[in-house]
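Novice: This is the structure, below, for whatever I ask next.
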Amino acid sequence: MVDRLANRVAIVTGAGQGIGGGIARVLGGEGAKILIADINEKSGGETASRISKAGGIAEFVRADLSKQADAQKVAETALDRFGRIDILCQNVGIFPVLAFDDMTEEVWDRVMNVNLKSAFFIIKACIPQMQKQRYGRIVVTSSITGPRVAAAGLSHYGASKGGLNGLIKGIAYEEAKYNITVNGIEPGSVLTEGTVQAHEALKKKAVSLIPLGRLATPEEIGTVALFLASDDSQYITGQTIIVDGGQTIVEWDMEA
Ligand SMILES: NC(=O)c1ccc[n+]([C@@H]2O[C@H](COP(=O)([O-])OP(=O)(O)OC[C@H]3O[C@@H](n4cnc5c(N)ncnc54)[C@H](O)[C@@H]3O)[C@@H](O)[C@H]2O)c1
Numbered sequence: 040m041v042d043r044l045a046n047r048v049a050i051v052t053g054a055g056q057g058i059g060g061g062i063a064r065v066l067g068g069e070g071a072k073i074l075i076a077d078i079n080e081k082s083g084g085e086t087a088s089r090i091s092k093a094g095g096i097a098e099f100v101r102a103d104l105s106k107q108a109d110a111q112k113v114a115e116t117a118l119d120r121f122g123r124i125d126i127l128c129q130n131v132g133i134f135p136v137l138a139f140d141d142m143t144e145e146v147w148d149r150v151m152n153v154n155l156k157s158a159f160f161i162i163k164a165c166i167p168q169m170q171k172q173r174y175g176r177i178v179v180t181s182s183i184t185g186p187r188v189a190a191a192g193l194s195h196y197g198a199s200k201g202g203l204n205g206l207i208k209g210i211a212y213e214e215a216k217y218n219i220t221v222n223g224i225e226p227g228s229v230l231t232e233g234t235v236q237a238h239e240a241l242k243k244k245a246v247s248l249i250p251l252g253r254l255a256t257p258e259e260i261g262t263v264a265l266f267l268a269s270d271d272s273q274y275i276t277g278q279t280i281i282v283d284g285g286q287t288i289v290e291w292d293m294e295a
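Residue numbers (this note's numbering): 40 to 295.
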């Protein structure tokens, strides 16, 4: 443990499993006090106890981030338990695959609420404390899907992630005067519980589509979140970093 985030308090949403779990473990391993916020009580509690067992400090709060009252509760819990909010990693997201021809208003709204509106709620809930502190690092999990590329059945998801990238820039501009930075990560394909059903197909495709020849681990997204949450990136704001093993640099497949 190097403790690059000693005395920092971080909220990580959707950290019961997958990428959020990876971000929480990496930040917790660097000395940050972590508040895990997730809708799933069991997995959220497990992530917190895994960090504690590894020598870190972590607590869990159950919250549905698509609800404003719950987002407010998350910010209040962080203040109550740890007294500050230095870092917010807004990572919660869902990706129900549905062809655009079959898209319904219900599914559209659910994806927008969980992926995009949740960011509005939780960032809004954390900003007043960050303004008071004159310090804040906000890191949003976006995606290459939407901002860079398209995936079948994910038009709603791509729209939500494109929306997040716009939100990142807008908030970064307005909050810079308070020494609050807002950045994002655009992962490619990451091996998580959420992508488990597609694992075998993804793994096969990864070899041909991704120059590095494999999917990312949640920790490999976590280390980029660490950079954006630390003072190593203090002059970067309003940006996103693509972490995709080179997937989006390929114009055509040399092996095909
Ligand atoms: N896995 C990938 O390949 C990939 C690629 C690009 C971007 N992403 C993005 O990364 C983020 C995490 O993806 P993942 O693959 O780890 O997902 P996942 O399904 O494995 O984990 C998501 C977590 O969010 C929680 N969650 C879901 N809805 C919630 C809600 N309303 N309130 C609170 N918590 C909620 C779940 O309980 C779960 O713990 C998402 O924003 C996703 O869009 C994932």
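Ideal Cβ positions, reconstructed from N, Cα and C, are used throughout, including at glycine.
From a predicted model like this one, the values you see are computed outputs, not experimental measurements.
#1: Assign Leu251 to one of two classes, buried (16 or more other C-beta atoms within 10 Å of its C-beta) or exposed (fewer than that).
#2: In chain order, what residues of the same chain lie with their CB nearer than 6 Å to the CB of Asp109, ignoring the 5 residues before and after it?
#3: What I want to know is whether the C-beta of Glu258 ends up closer than 8 Å to one or more non-hydrogen atoms of ligand 1.
#4: From Lys106 to Asn152, what distance separates their C-alpha atoms?
#5: Where does the unbroken beta strand (DSSP E) through Asp77 begin, and where does it stop?
#6: Based on the DSSP secondary-structure assignment, which residues constitute the bridge partners of Ala129?
#7: Output the boundary residues of the alpha helix (DSSP H) element that contains Ile280.
#8: Using CA atoms only, rank isn't needed, just tell me which of Lys72, Gly185, Glu214 and Gly192 is closest to Ser91.
#9: Spatial neighbours of Gly233 within its chain, please: CB distance less than 6 Å, with the 5 preceding and 5 following residues excluded, ordered by chain position.
#10: Does at least one heavy atom of ligand 1 sit under 8 Å from the Cβ of Glu85?
#11: What residue from Gly61, Leu248 and Ala240 has the CA that sits closest to Asp292's CA?
Specialist: Let me lay it out:
#1: exposed
#2: Ala102 and Asp103
#3: no
#4: 8 Å
#5: Lys72 to Asp77
#6: The sequence as given places Gln at residue 129; Ala does not occur at that position. Looking at the DSSP assignment, Gln129 forms a beta bridge with Val179.
#7: Where Ile280 is concerned, there is no enclosing alpha helix (DSSP H), although the beta strand (DSSP E) it sits in stretches over Thr279 to Val282.
#8: Lys72
#9: Gly57
#10: no
#11: Leu248
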